Every structure is written in structure tokens, then in C-alpha cells.
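Novice: The structure follows.
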Amino acid sequence: MSQALKYLRKLVAFDTRNGSGNEVACVEWLAEALKAHAPDRLIVETVGRSREKSDSAFVLASWGQPKTVLNVHIDTVPSGEGWSADPLTLVERDGRAYGLGTADIKGAAAAILAGLDEVTPRDVAILFSGDEEHGSEVMPAVIERGYLSGIERAVVCEPTSCRVGRAHRGILAFSATFRGPGGHSSLSDTIEAPLLKAARFAVALGDYKEDNIAFGVDPFKGLCVNIGELKSDGAYNVIPTTATAWVSMRPPPGDDVRAREGDLIAMALAAASDVHTDTIVAFAPFASLDIAAFMPVFGTEEIVDLPYWTEASMMSGAGLNAIVYGPGNLEQAHRSNEYVEIDQLHSAQARYAAVLAGGLS
8 MSQALKYLRK
18 LVAFDTRNGS
28 GNEVACVEWL
38 AEALKAHAPD
48 RLIVETVGRS
58 REKSDSAFVL
68 ASWGQPKTVL
78 NVHIDTVPSG
88 EGWSADPLTL
98 VERDGRAYGL
108 GTADIKGAAA
118 AILAGLDEVT
128 PRDVAILFSG
138 DEEHGSEVMP
148 AVIERGYLSG
158 IERAVVCEPT
168 SCRVGRAHRG
178 ILAFSATFRG
188 PGGHSSLSDT
198 IEAPLLKAAR
208 FAVALGDYKE
218 DNIAFGVDPF
228 KGLCVNIGEL
238 KSDGAYNVIP
248 TTATAWVSMR
258 PPPGDDVRAR
268 EGDLIAMALA
278 AASDVHTDTI
288 VAFAPFASLD
298 IAAFMPVFGT
308 EEIVDLPYWT
318 EASMMSGAGL
328 NAIVYGPGNL
338 EQAHRSNEYV
348 EIDQLHSAQA
358 RYAAVLAGGL
368 S
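Encoded structure:
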């Protein structure tokens, strides 16, 4: 078994399912693994999270005067149904390593640790962080606490099949809650109808989607507006007291997420002046500031645009030049029997080792 697979076996065994697992324990183990390589600076901190979630954490190790940071999130999505084996036990079969988080994205963490065993790190940092899959509250804390100050570049690890991701959409998730006194449906002609207001908001958003269907440039045309759910406490014979619309959109690179949020609020207010709105996440799109700066290490890899959001957006917003790169395929992430191709794991290990040795400094 390769060193990368040994590390991956250990990492998969940590239950870091976002919202229910123990991300702190995994970070503490990673801190000990990094400490063995005598970093000049080692920071391990917890981060409190909102919405009644348990604490998460991060570890940042640096050598010399770091100009580049390698970042991996260590949390995973819930395991769900349909697994043919224990999702927290690594299984090797037919050139693949199966287990929860292997593709997204513990494989990258294992590859970085294996690469670190091969080289003497120079002017580089490694950041292992939690809470990416639902909320992304750790990365803003790292940035706000000033720990990325002086770092110029970031390689954000996500499943790109070892291709270089240069751009992706943002993500805006939003809810609008409408209220009324409720009552018997025989009184519906005279009592406010919260679900009808929610439906009117949804229709307005659908029109907004159509009005912006050609916005932007390929491959990021449109806003990817989604009306995910209309939920109420009513029934066919009960006027609801509350109704909530859960919606989202994915603005393309260069677009203003906060301006789109303002449009959502305006549409909700047009449906009812007393609406309660809640922005769940509002994360900006991403485009690499200078992708050529990464070519000394990644020059032979295919460059692609990505369909999903990553924390490269936050790194870029903090002024770092970033790319997205990692082993694993998006099609294998967030599903049962998740796996990473072992060849990709070792290919990524070689790239990460080159970065750690100062290949981008």
C-alpha cells in the first residue's frame, strides 16, 4: 500500500460528516502529522458555527516565508443510503479507493501528506480546514484572523480529476417566509393566504430567471435560478399560518452576488411587505487572477471551468491568486460508494510535492 493510501485510510476513518461528525478530532490528528515535519509555525484553532452546529477547526502549518498555501477541507457530506460497505472504512478495488470523502476531498489531504514525506518544504503553507460542505464558516475565520497575510497564491483542493480549475459560479441561497392568522379553508376569501404570497414570489423569481437566461458568457450563461421548495403548515382544508419559499441562484464570474440578493429581497417584499427574509449563503463567483503563475508546476494539466462553488472564491476575495486542483471526479462526490482513482491520487501527490518544494515560489 502506498503512503498516500495509508494516510487516506486513516482520514476516511474519521467521521467528519458536516453537522454530525467530529471535525475537530480530525484536525488535531492532522496537526500532529504536520508537526512531524517541523513547521516554522503551526496554528490550530477551533471555530464556532451558527445554526446550532458543533464547533469546527483548522490547522495551518507554514515553512519559511510562505508565498503559496495548499488548502483542503476535511469535512464530508452525510453518507446517505446505498453504500455496499462501511463508508468510514477504506476499500481498495480495481484501481480505486472507496470511502466517504475519498473524492471530496480527503484524497487530496492524503496526497499532500504523502508529498510532504518526499520533500523539504520551502516558503509554503498547508491549511486543513473544516465546514466547507454546509456553511463555510471556517475559511472566513482564517481570513479574518489574518493568517493568510503575506501569502500570494492558493491551490484549493477539490475534485477536478487532476485538471486546473480557473473559474466557477457563486452561490446564493435564500428563504422568504410569509405569515398569516391561519384558519378553516371556508374562510379563505377573507383571511390572508401565506402560501399564495410565497407562490407569487416564486412566480416572480421564475420570470426573473427567464429575463436573465442569456446573461453572461459561455459556459456561464444564465443565473441557474432554482425554486427548491414551497413549504407550509396548511392542508387542503386548512389555511396555513406560515409558508416559506426556499430558493437559490448561481451568479456567473464577474457578477455581484449582493446585488442579486437585493433583487431577491425586493421580489419578496413585492409579494408581502411583512415578509421575513433570510440569506443562508451569499458566496461570490471565482476567476483566477493570474493562472499563468501556476504553470511552473501545473503547466501540462488541462485547464477547465468548474460547475460547482469552492472556497477559492473566498481566497480570491482576500486577494490571493488561486486555482482549484485535486484528485477525484465530481461525478463520484456526494453519492454512495464514493471513490477516487488511485492513479489520480498519485498524480496529485507529485504536483503537491512540487508545490511544497517551492515550485511556485
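Residue numbers for the sequence shown follow my numbering, so the first one is 8 and each next one is one higher.
Every residue gets a Cβ at the ideal spot worked out from N, C-alpha and C, and that includes glycine.
Quick caveat, the model's predicted, so the values are computed rather than measured.
Flag this pair as touching only if the stretch 161 to 181 and the stretch 317 to 332 have three or more C-beta atom pairs under 8 angstroms; answer yes or no.
Specialist: Short answer: they touch.
Novice: Are there three or more Cβ pairs, one per stretch, closer than 8 angstroms when the stretch 254 to 263 is compared with the stretch 221 to 231?
Specialist: Yes: at least three Cβ pairs fall under 8 angstroms.
Novice: Here's the rule I'm using: 16 or more other beta-carbon atoms within 10 Å means buried, otherwise exposed. How should Pro-303 be labelled?
Specialist: Label assigned to Pro-303: exposed.
Novice: Which residue comes first and which comes last in the beta strand (DSSP E) that contains Met-8?
Specialist: First-last for Met-8: undefined, no H or E at that position.
Novice: Reducing DSSP to helix, strand and coil, say where Phe-301 ends up.
Specialist: It is helical.
Novice: Among all the DSSP beta bridges, which residues are the ones paired with Trp-253?
Specialist: Ser-182, Glu-236, per the DSSP bridge assignment.
Novice: With respect to the alpha helix (DSSP H) encompassing Val-362, which residues constitute its N-terminal and C-terminal limits?
Specialist: Start and end: 349 to 363.
Novice: Using the beta-carbon count (16 or more within 10 Å), is Ile-349 buried or exposed?
Specialist: Its Cβ being crowded by 16 or more others within 10 Å, Ile-349 is buried.
Novice: Would the beta-carbon of Val-162 fall within 8 angstroms of that of Leu-155?
Specialist: Contact: no.
Novice: So, helix, strand or coil for Ile-287, using DSSP?
Specialist: In this structure, Ile-287 counts as strand in the three-state DSSP scheme.
Novice: Does the stretch 239 to 246 come within contact of the stretch 123 to 141, defined as at least 3 CB pairs closer than 8 angstroms?
Specialist: No, the stretch 239 to 246 is not in contact with the stretch 123 to 141.
Novice: For the beta strand (DSSP E) containing Cys-164, name the first residue and the last one.
Specialist: Here the beta strand (DSSP E) through Cys-164 covers 160 to 164.
Novice: With 16 as the cutoff for other CB atoms within 10 Å, does Asp-214 come out buried or exposed?
Specialist: Asp-214 should be labelled exposed.
Novice: Does the stretch 60 to 69 come close enough to the stretch 312 to 325 to have 3 or more Cβ pairs within less than 8 angstroms?
Specialist: Cβ pair count under 8 angstroms is below three, so no.
Novice: For Tyr-215, which of helix, strand or coil comes out of DSSP?
Specialist: In this structure, Tyr-215 counts as helix in the three-state DSSP scheme.
Novice: Would you mind giving the Cβ-Cβ distance between Val-98 and Ala-92, rounded to the nearest angstrom? I have them listed as a contact below 8 angstroms.
Specialist: That belief holds up - the Cβ atoms of Val-98 and Ala-92 are roughly 5 angstroms apart, short of 8 angstroms.
Novice: Less than 6 angstroms between C-beta atoms, sequence neighbours within five positions excluded: which residues of the same chain meet that for Gln-351?
Specialist: Hits under 6 angstroms: Cys-169, Pro-334.
Novice: So, Trp-253 versus Glu-236, is the Cβ gap smaller than 8 angstroms?
Specialist: Yes, these two residues count as a Cβ contact at 8 angstroms.
Novice: Strictly by DSSP, which residues pair up with Ala-294?
Specialist: Bridge partners of Ala-294: Ala-174.
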